[in-house]
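Just so you know, we're using my numbering here: the sequence shown kicks off at 638 and counts up by one.
For every residue, glycine included, the Cβ atom is placed at its ideal position computed from N, Cα and C.
Reading through the structure tokens given below for one structure.
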Amino acid sequence: MTGSRDREFEEFVQAAWPRLRRAAYLLTHDTHDAEDVLQSALTRSYAHWHRVERDGAYSYVHRALVNAYIDSTRRRRAVPVADAPDRPGGTDHGGALEDRSELLDLLAPLSPRERSIIVWRYYLDTPEKEVADRLGIAPGTVRSTASRALARVRDAGAASTHPRGHDS
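Rendered as structure tokens:
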């Protein structure tokens with residue numbers, strides 16, 4: 638039985654790894670931290686894999702990922718964000734690296750909670766109620782936090798498109 642459980646988990650990880658790693662990177666803004674947080678989430682998930690329903694496996698690991706990220710920020714109260722975050726190597730396919738860099742720059746000023754909510758809601762496409770349940774907060778808190786965070790992201794995006802040093 639353990640052999641089939643191990644195989645199922647390995648197959649899941651192979652299929653889900655790219656998207657989970659991108660989500661971890663969006664949360665942490667650092668390649669090494671993303672891998673650490675993802676490994677922590679996968680370790681926790683593997684320990685409870687016998688209880689995880691296969692249809693909900695992806696959602697279960699997403700929750701573990703966000704929880705691992707939140708735990709890591711609690712351990713390190715001050716989370717420095719580098720001027721130029723580590724980027725995985727590889728070929729840029731149609732500006733993907735530039736898009737990722739811009740997205741990371743926009744998410745950088747957000748708090749860990751805001752970043753978690755934005756990544757859950759809009760990158761992982763998780764319903765508001767599910768985000769609230771998984772983070773242990775009210776749906777209204779998810780709504781208001783997402784709204785404020787998106788306003789900050791929009792303001793940062795608008796500021797970056799206007800040339801500096803010119804008076805209107």
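### Outcome for A684 when other beta-carbon atoms lying within 10 angstroms are tallied against a minimum of 16
When all chains shown are included, A684 counts as exposed.
### Query
Should T665 go down as buried or exposed, given a rule of 16 or more other Cβ atoms within 10 Å for buried?
Answer is buried; the Cβ neighbour count reaches 16.
### Task
Can you tell me which of A678, V779 and D770 puts its alpha carbon nearest to the alpha carbon of H709?
According to the sequence displayed, residue 709 carries Ser and not His. If we check each option's Cα against that of S709, A678 comes out closest.
### Task
With DSSP collapsed to three states, give me the class of S682.
Residue state, collapsed to three classes: helix.
### Message
For V790 and G640, what's the separation of their Cα atoms in angstroms?
### Response
Spanning the alpha carbons of V790 and G640 requires a straight line of approximately 46 angstroms.
### Task
Excluding the 5 residues preceding and the 5 following L657 in the sequence, name in chain order all residues of the same chain whose CB lies nearer than 7 angstroms to its CB.
A distance below 7 angstroms between beta-carbons, with the five flanking residues on each side excluded, links L657 to the following residues of its chain, in chain order: L675, V698 and L702.
### Task
State buried or exposed for W654, treating a residue as buried only when at least 16 other CB atoms are found within 10 Å of its CB.
Counting C-beta atoms within 10 angstroms of its own C-beta, W654 has fewer than 16 neighbours from the protein chains shown and is therefore classed as exposed.
#### Entry: Span of the alpha helix (DSSP H), counted from its first residue to its last, around I823
Lying before the first or after the last residue shown, residue 823 is absent from the chain, which here runs from 638 to 805.
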